[in-house]
Amino acid sequence: AESKYEEKSLFTIEPIGGYLSSGFTEIKTPGTPKRREGYVVGANVLYGRGNWQLETGLQYAERGMLVNNLGSYNYEYTVKYLEVPAMLRWSFVNRQSWSLFSEAGLVLATVQDAKLQATGPYSESADVKDNFNSLDTRMALSFGGTWKYTKNIAAVMMVNYQSSISPMNKGNNWNGQDAYNDGYAVTVGGQFGI
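Numbered according to our numbering, the sequence shown spans residues 126 to 319.
Take a look at the structure:
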């Protein structure tokens, strides 16, 4: 008798969503830089069977940074990206009803919106999209697991780390300092073979 877990589809859709903690690295400021909480939602497309799969997809992420105690103001950068992963996934434990995987590759991200909110004696918001390069290329690493209900339906959870490999800002901002995106995400979702 054929197991319900044996031969899965060649293509898998993986809708995901979750929590994101991000910041900008390499920025020197007299204020207190802090990570900013955000979110990521989207869907991955996996190609392949067995222990190796190629991954791409489209995700929407809200990243940024907080700078507190800069004079009498606190500042919050909110940068929204469309992100396309180009990853290789390796299932190093692949059991009948569950698996563990790691993945590595690149993420190509385009800025959709960027705002700076200043809070202090006077509060104001500014559009700072022009301060950011339109493309942010990041290296990415992930670790996760799947829990299989059938050969083509599973739940998935993963932890992802991303870091820019080139400056994400235009050089005339932040007193000529280069800034790099740095972020961790915890996501959950499902897998559906097609």
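Using N, Cα and C, we set each Cβ at its ideal position, and we do this for glycine too.
Is residue i helix, strand or coil by DSSP?
i	result
LYS273	strand
ASN256	helix
LYS129	Unreliable placement is indicated for LYS129, whose pLDDT of 47 sits below 50; no coordinate value is reported for it.
ASN176	coil
GLY296	coil
GLY143	strand
GLY148	strand
GLY196	coil
GLY182	strand
GLY156	coil
Output needed for residue i: all residues of its chain with C-beta closer than 8 Å, excluding positions within five of it in sequence on either side, in chain order.
i	result
VAL170	PHE136, THR137, ILE138, GLU139, GLU180, THR181, GLY182
GLU151	GLN302, ASP303, ALA304, TYR305
TYR274	ALA280
TYR130	Caution applies to TYR130, whose pLDDT of 48 falls short of 50 and renders its modelled position unreliable; the value that the coordinates give is listed next. These residues qualify, in order along the chain: GLN221, SER222, LYS273, THR275, LYS276.
Near residue i, what residues of its chain come up, given a Cβ to Cβ distance below 7 Å and the 5 sequence neighbours on each side ignored?
i	result
MET283	SER267, PHE268, GLY269, THR312
Hey, out of the options, whose CA is closest to residue i's CA?
i	options	result
ASN176	MET264, VAL192, GLN316, ARG214	ARG214
ALA310	GLY142, LYS133, MET212	GLY142
GLU201	PRO210, LEU207, LEU191, ALA265	LEU191
LYS254	ILE319, PRO246, ASN294, GLY156	ASN294
Spell out whether any CB of chain D is found under 9 Å from the CB atom of residue i.
i	result
GLY314	In the displayed structure, chain D is absent; only one protein chain is listed.
Considering just the uninterrupted stretch of the beta strand (DSSP E) at residue i, what are its terminal residues?
i	result
GLN316	305 to 318
SER289	278 to 289
Once you ignore the five residues that flank residue i on each side, which residues in its own chain have a CB closer than 6 Å to its CB?
i	result
ALA251	LEU241
SER128	Low per-residue confidence applies at SER128: pLDDT is 49, beneath 50, and the placement is therefore not dependable, though the value from the model is reported in the following sentence. Counting only Cβ-Cβ distances below 6 Å, and skipping sequence neighbours, we find nothing.
VAL232	GLU208, PRO210, ARG263, ALA265, GLN287
ARG161	SER147, GLY189, MET190, LEU191
task = Note down, one range per segment and in chain order, each beta strand (DSSP E) of at least 3 residues found wholly within the region 211 to 248.
result = Restricting attention to beta strand (DSSP E) runs no shorter than 3 residues, the region 211 to 248 encloses them at 223 to 244, ordered along the chain.
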